[in-house]
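A.B. asks:
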Amino acid sequence: MPAERAGYTVTMFVIDTSPSMANIRSVEMQNSAGETTAVEMSNLQWSLQYVKLKIQEMIFNGRKTDQCGVIVFGAEDTKNIIHAEHGGYDNVLEYIPIGQPNASTIAKIDALEPSTVAGDSMDALIVAIETQARYLASKKTWTRKITIVTDGESPIEVEDWEATVTKMDALNITLVIVGVDFDDEYMPYTEPNKSHIKRANEEFYKILTSSMHSGDIGNIAYAIRETAAPEVKVVKSALLGTVLRIGDVETRADEAIELSVKASKATAMARPKSWKKFALRESNREDEMQVEQDKDKAVFAQLKMKTEYFIDRNAGADDDEDDEIKVEEEELLDEGNPEVKKSLEKIEKEELVRGFKYGTTYAPCPDGQFPRLQTRKGIDICGFFPEKNFRRELSMGDIQYIWADPSSPQQQVALSSIVQAMADTKRMAIARWVSRDGMDPKMGVLTPVVQDNVHFLLWSQMPFADDVRKYTFASLDTLINKKGQVLKEHPYLPTEEQLEAMDKFVDAMDLVDAGDKDEEGNRTPWFDPSLSFNPAIHRVKQAMFHAAVVKDVVSNPLPPPHPETLKYFDPPKRVLKRARAAVEECKAVFKVKEGKPCPIVLPKKVARAKVNGHEHANDEDDDLLLLDRKQPVERTPSQMSVVEEAAPASSKGKAPANAEDSATESESEEELLLEKKVPSTPAPKQGRGAPLPTPARSVSPMIDAGRAPGRIIGNTYPLKDFQKNLAQGDVVSKAVEDLSAVIAEVVMKPFSSRRTDEMLQCMTTLRKTCLEEDEIDAWNAFIRDLKSKCLSRPGNPGFWQHVKKVGRDLGLISKQEAKKQGGDSDVSENEAGEFIS
Amino acid sequence: MPPYDDWNKIDEEEDEELQDASIYETKKDVILFCIDCSETMLRLYDDPKYEDVKTCHVFTALEAAMQIEKRKIIVGPNDSVGILLFNTTRKSENTSRTQGSEIKANTYLFQPISPLSAPKVQELIQLLDAARDDPEEMRKTFPPFTTARVPMGDVFTSCNWVLRDGAPKTASKRVFLITDEDNPHPSGSKQLITSARTTLIDLTQSGVTVEPFFISTNEKPFDVSKFYSSVLLPTNLGDEEEIQEDSSVLPESISISRIDELLSQMRFHETPKRALFSIPFHLADGFTLAYGLITEQRKGVYKYFVDLGDRMEVATVRTTYVDEDRQAEVDRAKIVYGPDLGAGAAGDNEEEEDESSGTFGARIVKAGNRVRTKGKKGQHVEDLIIAKPFYSAEELRSFRTLGLEPGIKLLGFKDRSELAFEDNVKHSQFIYPNEMSHSGSKRTFSALLKSMVKKNKIGLALCLNRRNATPVFCALLPQEEAKDSNDWTDPAGFHLIPLPFADDIRGAPISEAFRASEGLKTTARAWVDKISVKNGTYPPDSFPNPALAYHNEQLEASAFREEYDTESFEDLTEPKSDMMHKRAGHLMREWKKAVMDDPSASLVVPGAGSKRKADVSVDEAEIKSKYESGLLAKLRVDQLKDFLKSKGQAVSGKKAELVDRVSDWFDSH
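One line per chain: the protein sequences are A and B, in this order.
Oh and the first sequence: position 449 is 449 in my numbering, straight run, nothing missing.
The number in my numbering is simply the position in the second sequence, starting from 1, with 837 added.
#1: Along the stretch 562-576 of chain A, what residues have a CB closer than 9 Å to any CB found in chain B?
#2: What residues in the stretch 377-398 of chain A bring their beta carbon closer than 8 Å to a beta carbon of chain B?
#3: Can you give the Cα-Cα distance for Val699 (chain A) and Ala501 (chain A), rounded to whole angstroms?
#4: Kindly provide the ranges of any beta strand (DSSP E) runs that are 3 or more residues long and lie completely inside the stretch 61-93 of chain A, ordered along the chain.
#5: Rounded to the nearest angstrom, how far is the Cβ of Lys306 (chain A) from that of Thr1157 (chain B), given a contact under 8 Å?
#6: Looking only at its chain, what residues have a beta carbon closer than 6 Å to the beta carbon of Val39 (chain A), apart from the 5 residues adjacent to it on each side?
#7: Determine the chain B residues that contact Ala547 (chain A) at a beta-carbon separation under 7 Å, and present them in chain order.
#8: Work out the CA separation of Leu458 (chain A) and Ser1348 (chain B) for me, nearest whole Å.
#9: Using a Cβ cut-off of 7 Å, which residues of the stretch 498-519 of chain A contact any Cβ in chain B, in chain order?
#10: Using only the alpha-carbon positions, how far apart do Ala221 (chain A) and Phe722 (chain A) sit?
#11: Can you tell which of A:Leu171, A:His196 and A:Glu489 has its C-alpha closest to the C-alpha of Thr141 (chain A)?
#12: Check the Cβ-Cβ distances between Lys277 (chain A) and every residue of chain B, and say whether any is below 7 Å.
#13: Taking a Cβ distance cut-off of 9 Å, strictly less, list which residues of the stretch 403-423 of chain A are near chain B, in chain order.
#14: According to the neighbour-count rule (16 or more other Cβ atoms, all chains shown, within 10 Å of its Cβ), is Phe751 (chain A) buried or exposed?
#15: For the candidate residues A:Ala268, A:Ala137, A:Glu85 and A:Phe385, whose alpha-carbon lies nearest to that of Asn534 (chain A)?
#16: Find the residues of chain A that neighbour Val1365 (chain B), judging by a C-beta separation of less than 8 Å, and give them in chain order.
#17: In whole angstroms, what is the alpha-carbon distance linking Thr565 (chain A) and Lys815 (chain A)?
#18: For Leu1392 (chain B), which of helix, strand or coil comes out of DSSP?
#19: Bridge partners for Glu1048 (chain B) per DSSP, in chain order?
#20: Using the C-alpha atoms, what's the distance from Asp1177 (chain B) back to Gly1490 (chain B)?
#21: Short check: CB of Leu1247 (chain B) to CB of Leu1120 (chain B), under 7 Å?
#22: Rounding to the nearest angstrom, what Cα-Cα distance links Thr1041 (chain B) and Asn997 (chain B) in this structure?
#23: Suppose you measure from the CA of Lys1171 (chain B) to the CA of Leu280 (chain A); what does that come to, to the nearest Å?
#24: Under the DSSP definition of a beta bridge, which residues are partnered with Arg523 (chain A)?
#25: CB His546 (chain A) to CB Leu531 (chain A), shorter than 7 Å?
#26: Can you grab the Cα-Cα spacing for the pair Val1045 (chain B) / Asn1020 (chain B), in whole Å?
#27: Using a cut-off of 8 Å between C-beta atoms, extract the partners of Thr926 (chain B) located in chain A.
#28: With a 10 Å radius around its C-beta and 16 neighbouring C-beta atoms as the bar for buried, classify Asp334 (chain A) as buried or exposed.
#29: Have a look at Leu1014 (chain B) and Val912 (chain B) and give me their C-alpha separation to the nearest angstrom.
#30: Spatial neighbours of Ser395 (chain A) within its chain, please: CB distance less than 8 Å, with the 5 preceding and 5 following residues excluded, ordered by chain position.
#31: Report the residue from B:Leu1285, B:Lys1484 and B:Asp1252 whose alpha carbon sits nearest the alpha carbon of Arg436 (chain A).
#32: Measuring only between beta-carbons, confirm whether Leu303 (chain A) sits less than 7 Å from chain B.
#33: Our contact map puts Ala797 (chain B) next to Arg245 (chain A) with C-beta atoms below 8 Å; I'd like the distance itself, whole angstroms only.
#34: Using the Cα positions of Gln948 (chain B) and Leu961 (chain B), report the straight-line distance between them to the nearest angstrom.
#35: Return the first residue and the last residue of the beta strand (DSSP E) that Ser42 (chain A) is part of.
#36: Would you tell me roughly how many angstroms separate the C-alpha atoms of Ile905 (chain B) and Leu1468 (chain B), rounded to the nearest one?
Structure (structure tokens):
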């Protein structure tokens, strides 16, 4: 899909400064840690917060074509273009003319104060439309937006509003009305004790916005929160012309192929915007006078980076230790140690000569570089290879699209034939790309993409031989003992049981069906890069916006990140729940334990070496030839309490520091081998290797009386059992299922009335759990089933009466209620109401 | 410092004070070549590459050492290299040399450990040149110790002394042991074995890794079990900081190879293995593994500032932050951070409308802004703190990390096929379990790897690699152990491939284009088939970076004060056009003809771009005829520009320049 055109927008902010906007309210401020504090501010200040955030967004994006103007109504003065010509538009002030905003725009908005006269928002709207229309007279294609911020407490002249709507639709204006304490179903919020006039105004605004092509109304608190919602800055990649070559176009032009193509970026790493550095300007004597005047002002000056060059004249004297000294010096330099500075001499940049270091020698190179490799612009194909052999992990960076020249059908057809030929045979191409004449070449691969309407190539840069670091690592599968035999069993090798547990884990954690349901009710995969916002970018942006619009970040802390930025931070609930059993099993069989990272052993080892020397020389050949014999040296007491965990790292041997008596090492190994067969042995002595792994069976819970086979909830103390299970974090679904069954059983039994209160309590807990743990469907099924059971014969209509008395709190969970908890339900609000009545 | 530039490059260009990569920067690498000079090592044989040339193992070993020195000197100018020979009767003639002056008998320190320099490399090159002229030169320079063999214990002791004297304490130290003798103590004396072992442990415990390169020939096969397997056994014992504490066995640290592969074997070991970071890997709540991470790739651009005087000296660079209006330096601790003030924002306050200074802004806030906050007990507290719409460096970091601790957190699994070609923004990293911090990591890792390979899955994880990095979603691509043709084993582990965020993905600017007919596709397929490599893939090893190599060769020549012959440079990345034409030339010609004849040739793209302008485009043939008749100047500027644009040439400049450019293009085509 083609990228939308960013910028080219004029947004008019229409702000209400009527007296009612001076009302003070207490706004809950949440800081990053989620703690709330109440801050008092006027409705106007609060409303301006929203306007400032919106304007800051424009400053942040920094587009010249993203402009705004501010119209104020309920102003003391009157000054606007229509009033000047026709009169009748009193108390409407064109406060800030249309232009690209900057920090001073925000400072100006901050200066707005509630007035003593009420203003009419419709007057202001008409002024805004006209002001915008005149400004854009010659720029018909620009996007027009108008945002009204008001508390809806001032009277509106609604006459002829349809004409205004027609006018706005004709100009393609998007109108947004943001109101203080407006009712908002998305939030959801309904204001209690709404004044008569406000109710009427809100009603009017609703009709106004809904009769427009593009109008919306909302609550300001919600609008402020949504400003933090991540939004992708649309960047349209430029098409850069280049040529695609196959063969030698110079000497064999009759055969060689040359295509005119365009490249554009398909991915490009976006980074958080950089912060500017500031420092509080401290007063000094010279301007003390001024400070006197500006006592209540603190000036934060933006800082500029300055680079200085120093030379150490004495450095040559002590060549050998040169390096170490230098390091020290640099450290000291940072601390600004004046003594060290003395031996350093500041050098002007002009005096410096560029060069390269060649070991301890220098190769001067005045131009900053040697003559460059002669290269010719273009992409040369070096050959094709089967796609299946492509090593995905070698991709080095951004991906680029390669398109045929959009102005030449012939070139398009030519490229298309190559793309199709590659796609049909499942091939990729190796290519060499020179972006400009004389630029360093890059190597990469081209892969064909066949879409319905267009065929193109994708480029990915691949590493040069110099770029790939080859490291050797020990094999994870092949462990060889001293005799050269491959080991079949070893603490480092997973057992069958472990492999099985891992398989289950991998299956349970599959994300293929973990996403939301699509239109047809099928589960979609979870996670999509094109919906994953870069949390750092958006958090930094949010913080920047916040700092730009508030006067103090301490008393007015940054709110927590928008939930959208964090949506992929944890595996989906569904998956976690499904995987709970598999995770427990894995924990049980793998017994991964945190060991203390091995301390760095300082030279103090002679003793060990000596002792070691003798015994080891005669080591029996059967011994494992394990080159490392390290182990987590000690365990913390808490870890030791675990029943004889396997610690494979420490399978044997000991840390060098622990060289007590290596003579007995081989025996101690024997010992350990024995130990492992006795899983209940207390933890081994410190410094000794732990035994080989013995997967302990998890102890199955004792069956309490009253618990039906296979159930984890008994009929005797259902609530207690249920809560216990939840507290352990065990399988919630199972607990819910069992409790549902138990309740139904108990209720259907004769003489159940004495347990009515208990059962209602169970149901309350169950419903709460279902709501929180995304078991909403289970609850709805349960309560429906219970209702039909109670009302059929032989039922328990009496019990249902009790349930009805409690009302909605034990009824079906509706969509709206589920949403608040982040869940979903297919029950409508009405249905839920009817069900329980 | 170029060698690890790529590692040091912190993703965030700002906040250098937060960088913690300095350990990689300051860590130096020291290699001591320890070469056997015994009779068999010096035995001459015909050079496999050149006719009528005799060579010997010592020569090859020294040549490899020279190659490594040459590479190191560019890649790691601060690294040190030394060469120690054993089983030679040559004595250190220069007693003033303090380093290793007391080494054991029949060992000789040819090049003491010192930072590399051009003369040092040249010394070795001269020796090699002399040996090439006169094969006996090696024997003369390093007469073999024929009566017996130096006990290996003495060799290791000598290495230890040399390294102790010559290597900086903090460096990573390695001994490359090169010998063809698999049984240096034929007597089988327990004593000698024990001493070899003991001294080797000494060496290991002072932080030195011994990486043996054993030469095996048909006449003299190398059997590790004769002697070395019992001696080398505990080699890696004391090696805490590296992650090569590995359990396993010989291949990890011992290369047995034919002599001609010595250099390539050394290449694998050339860069010391360093963990880029070691962070926990959370598979699920309470199920955590730890992994050491290793990175690959990329090279820095070398730029140094050097001061000129009686000698060359590196200038120290220091960056400070100043308040420009006051010309005052600001203490780093006092710096606070705020957003950009926007276009043209300057001292924007009513009273201070003097925007004359222009470039630099300041933000003015009311001091003593009597911040009213509700105190804990409900009463209002008045603060006289200066209101501050700025953040501290610490806060900045928390914005970036979103309060996460470094680690890899598994989110779930997806099908391998979901890892799309285009979902890439950055190079990958490699992770390998670290048994040291979490016991049981290896088997769990191994099981996970196997399970994922079996089910053809990739993992999805949220990663924060360092404390001041930004969180990123990564695909975990399982890598099974695989041997390639060059004896190189791809180690088992996961490739951690960073996925693009929505913010990084750009829409396709073109959604429609003409497509080729079935017939044309078949014609194209004919030549595509011909220039395909059947079982090929992208071979990184075949493509050394030509620009870098070209630069380095010139740098070397400049350091050796030699003229550089630019003609001698060979760019291995250039396509093998001769082969391509030979195989597919005629098929390409046919395809070209088919393209020319395609009906699309006469089509013109409708609409877009040509805004109400008359159709002025002239086709290539017409321009060519103008060019041939020297009448290019008759064409209009827009026509010339259109043509140049279609050829991917610049369209800037005056008409005369455009004409020149067009004729240049025809000249070269």
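Backbone N, C-alpha and C fix where the C-beta goes; we use that ideal spot for every residue, glycine too.
C.D. replies: Well, looking at it:
#1: Thr565, Leu566, Tyr568, Phe569, Asp570, Pro571, Pro572, Val575 and Leu576
#2: Lys377, Gly378, Asp380, Ile381, Cys382, Gly383, Phe384, Phe385, Pro386, Asn389, Phe390, Arg391, Arg392, Glu393, Leu394, Ser395, Met396, Gly397 and Asp398
#3: Reliability fails at Val699 (chain A), whose pLDDT of 38 lies under 50, so the model's placement of it is uncertain and the value that follows must be treated cautiously. Each residue's Cα considered, the two are about 17 Å apart.
#4: 66-73
#5: 5 Å
#6: Val27 and Met29
#7: Gly1175, Pro1176, Pro1226, Phe1227 and Tyr1228
#8: 14 Å
#9: Gln498, Leu499, Met502, Asp503, Val506, Met509, Asp510, Leu511, Val512 and Ala514
#10: 39 Å
#11: A:Leu171
#12: yes
#13: Trp403, Ala404, Asp405, Pro406, Ser407, Ser408, Pro409, Gln410, Gln411, Gln412, Val413, Ala414, Leu415, Ser416, Ser417, Ile418, Val419, Gln420, Ala421 and Met422
#14: exposed
#15: A:Ala268
#16: Phe384, Ile418, Ala421, Met422, Thr425 and Arg427
#17: 24 Å
#18: helix
#19: B:Phe1013
#20: 36 Å
#21: yes
#22: 9 Å
#23: 8 Å
#24: A:Lys517
#25: no
#26: 23 Å
#27: Result: empty, since nearest Cβ-Cβ is about 29 Å, beyond 8 Å.
#28: Because the pLDDT at Asp334 (chain A) is just 41, under 50, the model does not fix this residue reliably, and the value given afterwards should be weighed accordingly. Asp334 (chain A) is exposed by the Cβ-count criterion.
#29: 22 Å
#30: Ser460, Gln461 and Met462
#31: B:Lys1484
#32: yes
#33: This structure cannot speak to residue 797 (chain B), because chain B is shown only from 838 to 1506.
#34: 9 Å
#35: Thr36 to Ser42
#36: 59 Å
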